Amino acid sequence: MEINNGGKQRGPGRPEKESTSQGHDKIAIVGNPNVGKSVLFNNLTGSYTVVSNYPGTTVEVSRGTAKIGDRTYEVVDTPGMYSLLPITEEEKVARQILMDEKPRVLIHVIDAKNLERMLGFTLQLVEASFPVILVLNMMDEAGKRGKKIHSEELERELHVPVVPMVATTSRGMGVLRGRIEEYTSHEN
Amino acid sequence: MKIDRIKYDDPVEFSLEIAVDRIENMLEGDYRLSKRAVGLLLLQEDEDILGIVREKEPGKINEIVEIVEEVKKHYSHPLDYVITMRRQEEARRISSLVEENTGGGKFSLREWLSRITMNPLTGIPILFAALYWGLYKFVGELGAGVVVDFLEEAVFERYVSAFFISLADSAIPWPVLRDLFVGEYGVITLGIRYALALILPIVTMFFLVFSVIEDSGYLPRLAMLIDRVFKKIGLSGRAVIPMVLGLGCATMATMVTRTLPTKRERVISTMLLALAVPCSAQLGVIVGLLGGRRGAVLVWAGVIGFVFLFIGYLTAKVLPGERPTFYMEVPPLRFPNISNVLIKTFARVKWYLKEILPVFILASVMIWLGKLTGLFEAVIRALEVPTRLMGLPRESAHVFLFGFFRRDYGAAGLYDLAREGVLTGVQLVVACIALTLFLPCVAQFLVNIKERGWKTAIAISAFVLVFSFTVAAAVNYALLFLGVSL
Chain A
1 MEINNGGKQR GPGRPEKEST SQGHDKIAIV GNPNVGKSVL FNNLTGSYTV VSNYPGTTVE
61 VSRGTAKIGD RTYEVVDTPG MYSLLPITEE EKVARQILMD EKPRVLIHVI DAKNLERMLG
121 FTLQLVEASF PVILVLNMMD EAGKRGKKIH SEELERELHV PVVPMVATTS RGMGVLRGRI
181 EEYTSHEN
Chain B
1001 MKIDRIKYDD PVEFSLEIAV DRIENMLEGD YRLSKRAVGL LLLQEDEDIL GIVREKEPGK
1061 INEIVEIVEE VKKHYSHPLD YVITMRRQEE ARRISSLVEE NTGGGKFSLR EWLSRITMNP
1121 LTGIPILFAA LYWGLYKFVG ELGAGVVVDF LEEAVFERYV SAFFISLADS AIPWPVLRDL
1181 FVGEYGVITL GIRYALALIL PIVTMFFLVF SVIEDSGYLP RLAMLIDRVF KKIGLSGRAV
1241 IPMVLGLGCA TMATMVTRTL PTKRERVIST MLLALAVPCS AQLGVIVGLL GGRRGAVLVW
1301 AGVIGFVFLF IGYLTAKVLP GERPTFYMEV PPLRFPNISN VLIKTFARVK WYLKEILPVF
1361 ILASVMIWLG KLTGLFEAVI RALEVPTRLM GLPRESAHVF LFGFFRRDYG AAGLYDLARE
1421 GVLTGVQLVV ACIALTLFLP CVAQFLVNIK ERGWKTAIAI SAFVLVFSFT VAAAVNYALL
1481 FLGVSL
């Protein structure tokens, strides 16, 4: 069992080693149903959760660990949610995770084909001051539909890291790992 | 890094921006979310957040609630709506800056396929084609027929059983103990044979088909297609997914009912899953059993379908509540990724086998113990009463006893009986109907308790038990009365 409180009590100036000995930093994966959260989770942790092409498959919360650089993180995959204002029970579970576990990094996965529709939730997460990394998944499908997204510009607008990705073929995973590393070593 | 935050300014006297600012300054506790976010959620009237704030700032909650009430007066729309729209406006602004449309979004084959699966006129024939080829032909005829015959007769009976029987004969001097392993209900000759030679091939083929269908993105389209019918029975199309998953395993599907938005829908779905949705092994065995008798398949499917709609409709009438609204993301149709399909099938089969093998073995042991104590005979005699009412031969009573352990175990027992040739066509259909509607297996019962509570779970089981025998008996009399032979 991981002791969650260990990480939370940590003062800003403490050395990193202590934090890992008390429990790993957490990475939470959130997003609408069916945008590829579980695939991303599997890619990060190397474990297997059932992945399907329909919304609402993740009911139980999956947890695993990921090694990025020389640090180990605990990764939490959440049930799909549309916003921070929950409607269904699974959304409540997802929000509870975000509130209880204070993730060090929050990966918001969106479907690049539906950027406009999904960005509202990103804005809300940023507004709530979560440490967001935005993953634009399914870039290949967006490309096939003739959509091009300038991720650097998006980064400038949102002030959070943006990573284009095709999770099913692991394209963009390297960049994401780099961004997670940067994120967790800069901030305190 | 300071973020330019979204302003909720509006040309009203007391705008959201002013309100959220004020609430933000009043909050003192640690909420994990930023105070601004908490303020906005309060304005959106989030009950949970209100509860937390009430706990953390008991002195200020009244004032906060007053502020919320005051702002509401200045807006003609619900605040939740206004806030969401404002955010969406910002999302639109940003996406218009960063997104470029290079054209190319042409009318594709994919788009066309997607449409015809959702249009009732073309969608229903497509559904039937998928059921016929995927289930009836592939799982039923090939899986439950050809593959099982081969494994059962050519492999298991000739080699495995024979080997263990001769081993037991020479190694175990006491016949009572020999029975435990290789007797009529023995651990090897019944439990393991059912699990590996009967259920395993059927389930593997079912999960294979299921994974392909699932990954193609067909299910959400099916949900859209069936939404209208489901609305009539008080469920939204969203409930199609637990139902279809129920064909894989009703226990797993009952857990997925958690994704349904209203309690009413959750109870109706749990009920229907316990009653009228057969799980994969059961379905495979039944389709295999009735295979070759098209009429029998039709009677079976007709009765189960009718029960499903009728009970759904009744439950919806009885349970008070709003009619569900339905919205769902429809993902694109994709060509299933072969390795994902294989991995998924493998993971499911492994999980399934891990579930059933201990239960099947345990069942053999319990039956053995029951036979030693005479309890087995007593239960069988009790079950012979409904069995007789359904017009079934007395040998079939033990099938229902098996069904108490797991439905698929019961189905496997029925398969054995049918092959011995003791059942007529009508009896076969009646037995299949009774077993399909029969009690949820132990695992599903436990999940029902966990998800819906003791009372609901027991009420559902009691109802299902009586109902399944009643319907089967009624079908038996109807068929005999009409002089149908199948």
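As given, the protein sequences belong to chains A and B, one line each in that order. Taking the working numbering, I'd label the letters of the first sequence as residues 1 to 188. Taking the working numbering, I'd label the letters of the second sequence as residues 1001 to 1486. Glycine included, each C-beta is placed from N, C-alpha and C at the ideal position. Predicted model, so just to flag it, every value in this text is computed and none were measured.
1) For my contact list, V1464(B) and L1437(B) are in at a C-beta cut-off of 8 Å; report their separation, rounded to the angstrom.
2) Compile a chain-ordered list of the residues in the region 1019-1039 of chain B whose CB is closer than 7 Å to at least one CB of chain A.
3) Tell me which residues share the same chain as I1241(B) and place their Cβ nearer than 7 Å to its Cβ, disregarding the 5 neighbours each side in the sequence.
4) Can you look up I1192(B) in the DSSP assignment and give me helix, strand or coil?
5) Under the assumption that V1442(B) contacts F1402(B) (Cβ atoms under 8 Å), give the Cβ distance between them as a whole number of angstroms.
6) At what residues does the alpha helix (DSSP H) containing S1034(B) begin and finish?
7) Please compile the residues from chain B whose C-beta is within a distance smaller than 8 Å of the C-beta of H108(A).
8) Interface residues of chain B around M165(A) at Cβ under 8 Å?
9) Tell me which same chain residues have a C-beta within less than 6 Å of the C-beta of V1147(B), skipping the five on either side of it?
10) Considering only heavy atoms of the ligand COA, does any lie closer than 7 Å to the CB of E1063(B)?
11) State the beta-bridge partners of E1047(B) as determined by DSSP.
12) Which same chain residues end up closer than 8 Å to L1007(B) when comparing Cβ atoms and leaving out the 5 residues on each side of it in sequence?
13) From A1382(B) to S1280(B), what does the alpha carbon distance come to, in whole angstroms?
14) Would you mind working out which of V1426(B), I1023(B), G1191(B), E1099(B) sits nearest L1362(B), comparing C-alpha positions?
15) Strictly below 8 Å CB to CB, what residues from chain A border V1475(B)?
16) Check each candidate in N1101(B), I1458(B), L1040(B), R1022(B) and name the one with the smallest Cα separation from K147(A).
17) Cβ of T88(A) less than 8 Å from any chain B Cβ?
18) Counting beta carbon pairs with one atom in the region 131-150 of chain A and one in the region 104-115 of chain A, are three or more of them shorter than 8 Å?
19) Can you tell me which of the three DSSP states I1233(B) falls into?
20) Identify each residue in the region 107-132 of chain A for which the Cβ-Cβ distance to at least one residue of chain B is less than 7 Å, and report them in chain order.
21) Pick helix, strand or coil for K1007(B), following the three-state DSSP scheme.
22) Between which two residues does the beta strand (DSSP E) harbouring K26(A) extend?
23) With distance defined between alpha-carbon atoms, name the residue in L1283(B), I1268(B), N1025(B) nearest to L1319(B).
24) Cβ of L1127(B) less than 8 Å from any chain D Cβ?
25) Mind checking whether R179(A) and I149(A) have CB atoms under 8 Å apart?
26) Quick check on L1372(B): does DSSP put it in helix, strand or coil?
27) Going by Cα to Cα distance, which pick from V135(A), R117(A), L106(A), N137(A) is closest to L125(A)?
28) Name the one or two DSSP bridge partners that P164(A) has.
29) Identify the residues that DSSP records as bridge partners of N1101(B): which are they?
30) Whether or not the region 1227-1238 of chain B and the region 1300-1314 of chain B are in contact is what I'm after, with contact meaning three or more pairs of Cβ atoms, one per stretch, closer than 8 Å; do they touch?
31) Kindly indicate which three-state DSSP category E74(A) falls into: helix, strand or coil?
32) Run down chain B in chain order and give the residues with a C-beta less than 8 Å from the C-beta of L85(A).
33) Against chain B, which members of the region 168-180 of chain A pass a CB distance test of less than 8 Å?
34) By the DSSP assignment, the beta strand (DSSP E) with R63(A) in it spans what residues?
35) Measuring straight from C-alpha to C-alpha, what distance separates L1357(B) and A1411(B)?
36) Report buried or exposed for P1386(B), applying the criterion of at least 16 other Cβ atoms within 10 angstroms of its Cβ.
Looking at the atomic coordinates:
1) Residue numbering aside, residue 1464(B) sits at position 464 when the second sequence is read from its first letter. Residue numbering aside, residue 1437(B) sits at position 437 when the second sequence is read from its first letter. V1464(B) to L1437(B), Cβ: 7 Å. Contact.
2) R1032, L1033, S1034, R1036, A1037
3) Position 241 of the second sequence, counting from 1, holds the residue named residue 1241(B). Closer than 7 Å at the Cβ level, and outside the excluded window around I1241(B), lie L1219, A1223, V1256.
4) Locating residue 1192(B) in the second sequence gives position 192, counting from the first residue. Of the three classes helix, strand and coil, the one that applies to I1192(B) here is helix, per DSSP.
5) Along the second sequence, one-based indexing puts residue 1442(B) at 442. Along the second sequence, one-based indexing puts residue 1402(B) at 402. V1442(B) to F1402(B), Cβ: 12 Å. No contact.
6) Here the question's residue 1034(B) lines up with position 34 in the second sequence. S1034(B) -> no alpha helix (DSSP H), and no H or E assigned at all.
7) As a working note, residue 108(A) is residue 108 in the first sequence. Going along chain B, no residue has its Cβ under 8 Å from H108(A), so there is no contact; the nearest lies around 13 Å.
8) In the first sequence, the residue the question calls residue 165(A) occupies position 165. Going along chain B, no residue has its Cβ under 8 Å from M165(A), so there is no contact; the nearest lies around 16 Å.
9) On the second sequence, position 147 is the one that residue 1147(B) refers to. Excluding residues within five positions, the ones whose Cβ falls inside 6 Å are P1201.
10) The ligand COA is not among the ligands present in this structure, which contains no ligands whatsoever.
11) Here the question's residue 1047(B) lines up with position 47 in the second sequence. For E1047(B), which the question treats as bridged, DSSP gives no partner whatsoever.
12) Reading the second sequence from its first residue, position 7 is the one you call residue 1007(B). In the sequence as displayed, the identity of residue 1007(B) is Lys instead of Leu. E1017, listed in sequence order.
13) Working through the second sequence from its first residue, we reach residue 1382(B) at position 382. Working through the second sequence from its first residue, we reach residue 1280(B) at position 280. Looking at the two C-alpha atoms, the distance is approximately 29 Å.
14) Numbered from its first residue, the second sequence carries residue 1362(B) at position 362. For L1362(B), the nearest C-alpha among the options comes from G1191(B).
15) Locating residue 1475(B) in the second sequence gives position 475, counting from the first residue. Residues of chain A passing the Cβ test: none, with the nearest at roughly 34 Å.
16) Translated into the one-based positions of the first sequence, residue 147(A) becomes position 147. Here the closest residue by C-alpha is N1101(B).
17) Position 88 of the first sequence, counting from 1, holds the residue named residue 88(A). With 8 Å as the cut-off, T88(A) counts as an interface residue toward chain B.
18) yes
19) Position 233 of the second sequence, counted from the start, is the residue given in the question as residue 1233(B). Reduced to three states, the DSSP call for I1233(B) is coil.
20) L115, E116, L119, G120, L123, Q124, V126, E127, A128, S129
21) The sequence position of residue 1007(B) within the second sequence is 7, counting from 1. Residue state, collapsed to three classes: coil.
22) Start at 1 with the first residue of the first sequence, and residue 26(A) comes out as number 26. First-last of the beta strand (DSSP E) with K26(A): 25-30.
23) Within the second sequence, the letter at position 319 stands for residue 1319(B). Of the listed residues, the one whose Cα sits closest to L1319(B) is I1268(B).
24) The structure shown contains no chain D; the protein chains it does contain are A and B.
25) Position 179 of the first sequence, counting from 1, holds the residue named residue 179(A). Position 149 of the first sequence, counting from 1, holds the residue named residue 149(A). No, they are not a contact pair.
26) On the second sequence, residue 1372(B) is found 372 positions in, with the first residue counted as 1. Helix at L1372(B).
27) The residue labelled residue 125(A) in the question sits at position 125 within the first sequence. Comparing Cα positions, the closest option is L106(A).
28) Here the question's residue 164(A) lines up with position 164 in the first sequence. Answer is L136(A), bridged to P164(A).
29) The sequence position of residue 1101(B) within the second sequence is 101, counting from 1. Answer is K147(A).
30) yes
31) As a position in the first sequence, residue 74(A) is number 74, starting the count at 1. In this structure, E74(A) counts as strand in the three-state DSSP scheme.
32) Walking along the first sequence from the start, residue 85(A) turns up at place 85. Under the 8 Å cutoff, chain B gives L1041, Q1044, D1046, D1080.
33) T168
34) Along the first sequence, one-based indexing puts residue 63(A) at 63. That run of the beta strand (DSSP E) goes 62-68.
35) Within the second sequence, residue 1357(B) is the residue found at index 357, counting from 1. Within the second sequence, residue 1411(B) is the residue found at index 411, counting from 1. Straight-line Cα distance between these residues: approximately 15 Å.
36) Translated into positions along the second sequence, residue 1386(B) becomes position 386. It is buried - the Cβ of P1386(B) has at least 16 other Cβ atoms within 10 Å.
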